[in-house]
Amino acid sequence: MTTRTPARAATASPRRAARSRRWWNWWARATSHKRHSAAAHVTAQPCVAGVRSSSAMARMSSRVSLPTSSGWSRLTWSLAAATSSSSSRPRTTWPHSQLISLPMVSPVDRDEGVRMMRPVVATNLGETLDSPRACGETRIHLCGRMTVRILGSRLEQDLPGRQGRVLFAYLAAHRQRLVARGELLDVLWPDEAPGAAESGLAALLAKLRRVLGAGALEGKHDLRLVLPADAWVDLEAARESLHRAESAIGVRDWGRAWGPARVTMHIAARSFLPGCQAPWVEPVRRELQHCLLRAHECVAVSSLGLGGSELATADRAATRLVELAPLRETGYRLLMQVAAARGDVAEALSVYEQLRVVLREELGASPGPLVQALHRQLLRGNDPSAVSAG
1 MTTRTPARAA
11 TASPRRAARS
21 RRWWNWWARA
31 TSHKRHSAAA
41 HVTAQPCVAG
51 VRSSSAMARM
61 SSRVSLPTSS
71 GWSRLTWSLA
81 AATSSSSSRP
91 RTTWPHSQLI
101 SLPMVSPVDR
111 DEGVRMMRPV
121 VATNLGETLD
131 SPRACGETRI
141 HLCGRMTVRI
151 LGSRLEQDLP
161 GRQGRVLFAY
171 LAAHRQRLVA
181 RGELLDVLWP
191 DEAPGAAESG
201 LAALLAKLRR
211 VLGAGALEGK
221 HDLRLVLPAD
231 AWVDLEAARE
241 SLHRAESAIG
251 VRDWGRAWGP
261 ARVTMHIAAR
271 SFLPGCQAPW
281 VEPVRRELQH
291 CLLRAHECVA
301 VSSLGLGGSE
311 LATADRAATR
321 LVELAPLRET
331 GYRLLMQVAA
341 ARGDVAEALS
351 VYEQLRVVLR
361 EELGASPGPL
371 VQALHRQLLR
381 GNDPSAVSAG
């Protein structure tokens, strides 16, 4: 049977349209067990112009749960687990870029077909960056491009101007305590007269309450931003992840330290409120810079402890640490340890000489006792595996 496009079907004769509807109803009943199956998976097959053949759709095996009631009557859709160049086996739930939706609509009813192809959120099948995990998630990014997602709604564009964004950022960065109105006045209008600044703050708070919703700002004279219990703020996540990474390194649990250290590294690498020049911003940026150095150190130490292919990661992190802080001995020591773990003792000794020259020319000092002890160990020709991480 030849399948018409919706535009041609709209002009078909009533008899032929009825015949097509009867065919469609028969086909829908015949395949209903596949659409409403508790578990159905379509293996990845070649697609032409984004359309999967009916034979490929018929090859299903028990794998991925499909929603039994999504409102897509007369619609058959399947999930194909694509295999990327970095993966050797299909993945069906994460990342979102490997989740493919293939709808087939009735060849007759054009308007109903358009209605049926509306977006459907299928949280049990996969996640996307635009709709993370659940519709009610709260995530706030203050480092890099500022984004505000509260209970699933993006609100950064609704904040009242530049001052409104600065006010929200200050409250979010200090949401664990009450903030006095006078403190906010100093943040927003440090050079303004008290009367004019107070009226401006009252108007700004009223607009912010309308955007965030009732109960988001607690208090009148002393204010506090109230977020859901599971809210995620990148500034807090950087601090918490760094603490977990350093705690894991303290007990030499390299695998548990590696992930949190990279979380802090990626957050702290972005500038806090870029473009905002205010006295209160600089201490936060200095803290993040210090967190970034410690995160690179944690990544290098944990990767060195894991060994194998992670030695390359340790080398990159230690090299970046030397670039960011050329007078910090930790980066040079880690580079020496990485070179020794690879069996390249000459490279390790060269790194020590580089550190010695930098300290002598810049500070008139010598390397510290830890680096000197490592240097002596390498000179004695000890087994490079004896040079431990940390």
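Number 28 in full-length UniProt numbering belongs to position 28 of the sequence shown; there are no gaps in the numbering. No residue lacks a Cβ here, since even glycine has one placed at the ideal position from N, Cα and C.
Residue i burial status per 10 Å Cβ neighbour count (16 or more: buried)
i, result
"LEU359", "buried"
"ARG16", "exposed"
"ARG333", "buried"
"GLY343", "exposed"
"ARG118", "Low local confidence applies: a pLDDT of 34 at ARG118 is under 50, so the model's placement there is unreliable, with the coordinate-based value given in what follows. Exposed, since its Cβ has fewer than 16 Cβ neighbours within 10 Å."
"GLN45", "Because the pLDDT at GLN45 is just 40, under 50, the model does not fix this residue reliably, and the value given afterwards should be weighed accordingly. GLN45 is exposed by the Cβ-count criterion."
"GLU282", "exposed"
"ARG376", "exposed"
"ARG177", "exposed"
"HIS221", "exposed"
"HIS296", "buried"
"VAL299", "buried"
"TRP258", "buried"
"ARG294", "buried"
"ALA229", "exposed"
"VAL251", "exposed"
"ALA18", "exposed"
"SER302", "buried"
Sequence-distant residues of the same chain with beta carbon closer than 7 Å to residue i, five excluded per side
i, result
"GLU137", "ARG149 and GLY152"
"LEU201", "ARG181, LEU184, LEU185 and LEU188"
"VAL351", "TYR332, LEU335, MET336 and ALA339"
"ALA49", "At ALA49 the pLDDT is 38, less than 50, meaning the model places this residue with poor confidence; the figure from the coordinates comes in the next sentence. Same-chain partners within the cutoff: there are none."
"residue 394", "Nothing about residue 394 can be read from this structure; the chain reaches only from 1 to 390."
Nearest to residue i (by Cα), restricted to the options the options
i, options, result
"GLU362", "PRO326, ARG285 and LEU334", "PRO326"
"LEU292", "LEU321, PRO279 and PRO274", "LEU321"
"SER271", "SER20, ALA18 and GLY144", "GLY144"
"VAL166", "VAL251, GLN277, HIS290 and ALA28", "GLN277"
"ARG328", "ARG210, LEU311, HIS290 and GLY308", "HIS290"
"LEU273", "ALA229, MET146 and PRO279", "MET146"
"ASP191", "GLN354, PRO279 and ARG19", "PRO279"
"ARG210", "GLY250, ARG252, LEU155 and VAL251", "LEU155"
"ARG286", "LEU311, ALA229, ASP315 and LEU324", "LEU324"
"PRO160", "ALA173, GLY195, SER199 and LEU208", "LEU208"
"ASP158", "GLY213, TRP27 and ARG21", "GLY213"
"LEU349", "GLN372, ALA216, ASN25 and ARG22", "GLN372"
Integer Cβ distance of residue i from residue j, believed to fall under 8 Å
i, j, result
"PRO367", "ARG380", "Actually they do not touch by this definition, with Cβ atoms about 17 Å apart."
"LEU288", "ALA318", "In fact, because the Cβ distance is near 20 Å, the residues do not count as touching under 8 Å."
"LEU171", "LEU235", "Contact flag wrong, Cβ pair sits at about 12 Å."
"LEU374", "MET336", "6 Å"
"VAL284", "ILE140", "In fact, because the Cβ distance is near 14 Å, the residues do not count as touching under 8 Å."
"ALA263", "ALA231", "The sequence given here places Val at residue 263; Ala does not occur at that position. Not confirmed; about 16 Å, so no contact."
"ALA169", "LEU142", "5 Å"
"LEU311", "ALA341", "6 Å"
Neighbour flag for residue i against chain D, beta carbons, 9 Å
i, result
"GLN277", "No chain D appears in the structure shown, which is made up of a single protein chain."
Sequence-distant residues of the same chain with beta carbon closer than 6 Å to residue i, five excluded per side
i, result
"GLU347", "ALA339"
"ARG175", "LEU225"
"PRO260", "SER241, ARG244 and ALA245"
"ALA188", "A small correction: the amino acid at residue 188 is Leu; Ala does not occupy that position in the sequence shown. Hits under 6 Å: GLN163."
"GLU218", "ARG224 and VAL226"
"ALA197", "LEU185 and TRP189"
"ALA248", "ARG256 and ALA257"
"ASP315", "VAL338"
"SER73", "With a pLDDT of 39 at SER73, under the threshold of 50, the predicted position of this residue should be treated as unreliable, and no value is reported."
"VAL179", "LEU223"
"VAL345", "LEU378"
DSSP bridge partner residues for residue i (one or two, in chain order)
i, result
"HIS141", "THR147"
"ALA340", "BP columns for ALA340 are empty, so no partner."
"ALA180", "ASP222"
"VAL211", "DSSP output for VAL211 lists no bridge partner at all."
"SER153", "ILE150"
"ARG232", "Residue 232 is actually Trp in this sequence, not Arg. The partner list for TRP232 (beta bridge, DSSP) reads ARG139."
"PHE272", "CYS143"
heavy atom of the ligand NAP below 8 Å from residue i C-beta
i, result
"TYR170", "The ligand content of the structure shown is nil, which means the ligand NAP is not present either."
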